[in-house]
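Using the UniProt record's numbering, you'd call the opening residue of the sequence shown number 1 and step up by one each time.
Just so it is clear, CB atoms sit at the ideal spot from N, CA and C, and this is done for glycine as well.
All values derive from a computational prediction rather than experimental measurement.
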Amino acid sequence: MSLAESSKEAYSSTYQVEKLTDEQISEFREAFQLFDKDGNGFISTKELGMVMRSLGQNPTEAELMDMINEVDIDGSGTVDFVEFLNTMAKKMENDDWEEEIKEAYRVFDKNSEGSISCEEVRFVMRSLGDQMTEEEINEMIVEADRDGDGRISYEEFAAMMFSHRV
Numbered sequence: 001m002s003l004a005e006s007s008k009e010a011y012s013s014t015y016q017v018e019k020l021t022d023e024q025i026s027e028f029r030e031a032f033q034l035f036d037k038d039g040n041g042f043i044s045t046k047e048l049g050m051v052m053r054s055l056g057q058n059p060t061e062a063e064l065m066d067m068i069n070e071v072d073i074d075g076s077g078t079v080d081f082v083e084f085l086n087t088m089a090k091k092m093e094n095d096d097w098e099e100e101i102k103e104a105y106r107v108f109d110k111n112s113e114g115s116i117s118c119e120e121v122r123f124v125m126r127s128l129g130d131q132m133t134e135e136e137i138n139e140m141i142v143e144a145d146r147d148g149d150g151r152i153s154y155e156e157f158a159a160m161m162f163s164h165r166v
């Protein structure tokens, strides 16, 4: 059994780790070990951002703080490999979800003007064969159109999608 396979097996009960490939786990372990200066199996939370950037992720400072607060449960200021792997899997899943939202937004924004009109929402919902009533469509539009300008911006659309994410 390879190191990657044993890592995947050992950590399969964590967040979305089971979706990672053996190659991704090996890559994450290598990056983790680069910053584990004394080889004790821990990196400091300050180094987490450097590790993620070395793997091609570009978390904002706010995202890093959220991840660190979520990962460093005991407040020790260190992150072990299980915590790190869990964090990377979650970040990758969120990146995929954000791309799905962008694609969905493009479907609704038929004229590519950067906002969705009420008519575009109605057209897409009907063309998808959705049997929503006019009232249900209006409720959806009102919920999404947070600034009340009659159009749904990408930010409003993303906020609505994230609030309904299961």
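Residue span of the beta strand (DSSP E) that contains D80, given as start and end: For D80, the enclosing beta strand (DSSP E) stretches over residues T78 to D80.
Euclidean distance between Cα positions of I68 and M92: 16 Å
The stretch 112 to 125 in contact with the stretch 144 to 152 per 3-pair CB rule at 8 Å: yes
Close Cβ partners of E83 (< 6 Å) along its chain, the five nearest in sequence each way excluded: V71
Distance, D38 Cα to K102 Cα: 42 Å
N40 burial status per 10 Å Cβ neighbour count (16 or more: buried): exposed
Through-space distance from A159 to A31, alpha-carbon basis: Straight through space, the alpha carbons of A159 and A31 are spaced by roughly 33 Å.
Straight-line gap, F35 to Q131 (C-alpha atoms, nearest Å): 54 Å
Helix, strand or coil at R151 according to DSSP, with G and I counted as helix: strand
Cα-Cα separation, R126 to E120: 10 Å
Residues bridged to F42 [DSSP beta-bridge criterion]: D80
Terminal residues of the beta strand (DSSP E) in which S117 lies: S115 to S117
Cβ shell of L128 (< 8 Å), same chain only, five flanking positions each side left out: none
Span separating the alpha-carbon of G49 from that of I137: 42 Å
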